[in-house]
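Taking this note's numbering, the leading residue of the sequence shown gets 26, the next gets one more, and so forth. Beta carbons: idealized from backbone N, C-alpha and C, even for Gly. The structure presented is a predicted model; accordingly, all values stated were derived computationally and were not measured. Read the structure below first, then the notes.
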Amino acid sequence: MRALRSSWTLALVTTVLVGVALIVGWLGGEWVVWHSGGSEAGLSAEVASAAESGSESRTERAEPPQFQEARRRMVDRQLRSRDITDPKVLEVMGRVPRHEFVPDELDHEAYDDHPLPIGHGQTISQPYIVALMTQLARPRPDARALDIGTGSGYQAAILAELCKEVYSIEIVEPLANEARKRLAQLGYKNVTVRAGDGYRGWPEYAPFDLIIVAAAPDHVPQPLVDQLAPGGRLVLPVGSYPQNLVVIEKKKDGEVERKSVAPVMFVPMTGEAREKRKD
Ligand SMILES: C[S@@+](CC[C@H](N)C(=O)[O-])C[C@H]1O[C@@H](n2cnc3c(N)ncnc32)[C@H](O)[C@@H]1O
């Protein structure tokens, strides 16, 4: 009886530990912890009318057929089946070769439902989180986008397909250099990558119609809000584990509206954001 009870206890403890591990997230990378749904009304129609933008500049590359199939499954099972409804976002996620943005030895996992390591202690985000942030940012073919935390360059590539120009900042210099080279090799001519701290945005190219931040500060960096164009959107994780995925919208009259969308887990924003931590 005692043996039975202790094996039940062991099973219970294992289940709890597995649950906690899943919640904390694999590799400390970014995951949506929970998402109640609630895709934005009017979003699909607005973005569906978007015409082709940066895509004409890309080189079509041959790829092994298993990647095409894996991408199709990723779109169906991880995006469409959740709350990604924007047809342009779904189409682009189904087209951009994510396996080109992960280390060779991990390319068989490129379309799996989790983040992956890209070196220097950083990760490429889970496909769903990239799609969700892109959808929330409401890209348009005439838009100028700012991407903070270039990492592998995957989010920048997705934005490059949907916007006119993308400016991307990465604080880890070797990652910035690798991403710049990768994006150029893939034929993206409308993305500019620079190494540096994204906390203060990129004033020389402001204002931006959308800003996506892939590392979490504990407060919203005011320079990013200031660099939003009227009608523009800033999508970023804010806080400590788990963080809130926040959307800041600057109305046409300059008024700023903030809403929390979902609990998420991202790597912390380093640089000035860390110095200015509020704790
Ligand atoms: C989750 S990863 C980025 C994923 C990336 N968007 C992609 O598609 O691969 C977050 C990145 O933010 C970078 N980062 C952290 N703090 C930063 C800062 N202050 N300015 C710019 N990049 C920063 C990290 O070095 C890391 O590469």
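Checklist entry - Hey, quick one: how far does the alpha helix (DSSP H) through T159 stretch, first residue to last? => result Within the sequence shown, residue 159 is the residue found at index 134, counting from 1. Going by DSSP, T159 is part of the alpha helix (DSSP H) stretching over P152 to A162.
Next on the checklist: Can you tell me whether Q180 is helix, strand or coil according to DSSP?
Outcome noted: One-based indexing of the sequence shown puts residue 180 at position 155. Looking at Q180 - three-state DSSP - the assignment turns out to be helix.
Checklist entry - How would you call R123, buried or exposed, if buried means at least 16 neighbouring beta carbons within 10 angstroms? => result As a working mapping, residue 123 is identified with position 98 in the sequence shown. That one is buried.
Next on the checklist: Given the structure, does T159 come close to ligand 1, in the sense that its CB is under 7 Å from one of the ligand's heavy atoms?
Outcome noted: On the sequence shown, residue 159 is found 134 positions in, with the first residue counted as 1. No.
Checklist entry - Hey, how far is the Cα of T217 from the Cα of R207? => result Position 192 of the sequence shown holds residue 217. Position 182 of the sequence shown holds residue 207. In this structure, the straight-line span from the alpha carbon of T217 to that of R207 is close to 12 Å.
Next on the checklist: Along the chain, where does the beta strand (DSSP E) containing R205 start, and where does it finish?
Outcome noted: Indexing the sequence shown from 1 puts residue 205 at position 180. For R205, there is no enclosing beta strand (DSSP E); the enclosing alpha helix (DSSP H) has its first and last residue at E198 to Q210.
Next on the checklist: Can you tell me which residues form a DSSP beta bridge with N215?
Outcome noted: Reading the sequence shown from its first residue, position 190 is the one you call residue 215. Paired residue(s): none; N215 is not in a bridge.
Next on the checklist: Taking DSSP's pairing of strands, which residues face K275 in a bridge?
Outcome noted: Reading the sequence shown from its first residue, position 250 is the one you call residue 275. DSSP lists V281 as partners of K275.
Next on the checklist: Please classify N202 as buried or exposed, where buried requires at least 16 neighbouring CB atoms within 10 angstroms.
Outcome noted: By one-based count along the sequence shown, residue 202 stands at place 177. By the neighbour-count rule (16 or more Cβ atoms within 10 Å), N202 is not buried but exposed.
Checklist entry - Counting along the chain, where does the alpha helix (DSSP H) carrying A254 start and finish? => result In the sequence shown, residue 254 corresponds to position 229, counting from 1. Following the DSSP letters along the chain, one finds A254 in no alpha helix (DSSP H) but inside the beta strand (DSSP E) bounded by residues L253 to V263.
Next on the checklist: According to DSSP, is A220 part of a helix, a strand, or is it coil?
Outcome noted: Residue numbering aside, residue 220 sits at position 195 when the sequence shown is read from its first letter. Reduced to three states, the DSSP call for A220 is strand.
Checklist entry - Should S74 go down as buried or exposed, given a rule of 16 or more other Cβ atoms within 10 Å for buried? => result Here the question's residue 74 lines up with position 49 in the sequence shown. Unreliable positioning characterises S74 in this predicted model, as indicated by a pLDDT of 25, which lies under 50. The coordinate reading is nonetheless provided below. Exposed.
Next on the checklist: Which of the three DSSP states is assigned to D172 in this structure?
Outcome noted: On the sequence shown, residue 172 is found 147 positions in, with the first residue counted as 1. Reduced to three states, the DSSP call for D172 is strand.
Next on the checklist: Measuring straight from C-alpha to C-alpha, what distance separates P166 and L184?
Outcome noted: Working through the sequence shown from its first residue, we reach residue 166 at position 141. Working through the sequence shown from its first residue, we reach residue 184 at position 159. Rounded to the nearest angstrom, the two C-alpha atoms are 10 Å apart.
Item to check | Beta-carbon contacts of R96 that lie in its chain and below 6 Å, excluding the five residues immediately before and after | outcome: Along the sequence shown, one-based indexing puts residue 96 at 71. Annotation for R96: G119 and Y136 place their beta carbon closer than 6 Å to its own, counting only its chain and skipping 5 residues before and after.
Next on the checklist: For R258 and E274, which I take to be in contact (beta-carbon distance under 8 Å), what is that distance rounded to the nearest angstrom?
Outcome noted: Locating residue 258 in the sequence shown gives position 233, where the first residue counts as 1. Locating residue 274 in the sequence shown gives position 249, where the first residue counts as 1. Right, the Cβ-Cβ distance comes to about 5 Å (below 8 Å), so this counts as a contact.
Checklist entry - Do you know how far the Cα of A156 is from the Cα of D138? => result Locating residue 138 in the sequence shown gives position 113, counting from the first residue. Locating residue 156 in the sequence shown gives position 131, counting from the first residue. Cα to Cα, the separation comes out at about 12 Å.
Checklist entry - Out of P140, R163, A182 and Y266, which has the shortest C-alpha to C-alpha gap to A241? => result Against the sequence shown, residue 241 aligns to sequence position 216. Comparing Cα positions, the closest option is Y266.
Checklist entry - If you measure from the CB of M118, is any heavy atom of ligand 1 nearer than 7 Å? => result Residue numbering aside, residue 118 sits at position 93 when the sequence shown is read from its first letter. Ligand 1 never approaches M118 closely enough for any of its heavy atoms to be under 7 Å from the residue's Cβ.
Checklist entry - When the Cβ atoms of the region 247-261 are set against those of the region 220-238, are three or more pairs found closer than 8 Å? => result Yes, they touch.
Next on the checklist: Let me check understanding here. Comparing Cα to Cα, which of G226, V245 and Y213 lies closest to Q252?
Outcome noted: Taking the first residue of the sequence shown as position 1, residue 252 is located at position 227. Closest in C-alpha terms to Q252, from the list G226, V245 and Y213, comes G226.
Checklist entry - Per DSSP, G144 is paired with what? => result Here the question's residue 144 lines up with position 119 in the sequence shown. DSSP lists Q147 as partners of G144.
Next on the checklist: Given the structure, does Y213 come close to ligand 1, in the sense that its CB is under 7 Å from one of the ligand's heavy atoms?
Outcome noted: Position 188 of the sequence shown, counted from the start, is the residue given in the question as residue 213. Y213 Cβ: outside cutoff for every heavy atom of ligand 1.
Checklist entry - Per DSSP, which one or two residues make a beta bridge with E190? => result Looking up residue 190 in the sequence shown gives position 165. For E190, which the question treats as bridged, DSSP gives the partners R169.
Next on the checklist: At the level of alpha carbons, what is the spacing between E198 and G144?
Outcome noted: Walking along the sequence shown from the start, residue 198 turns up at place 173. Walking along the sequence shown from the start, residue 144 turns up at place 119. Between the alpha carbons of E198 and G144 lies a gap of roughly 12 Å.
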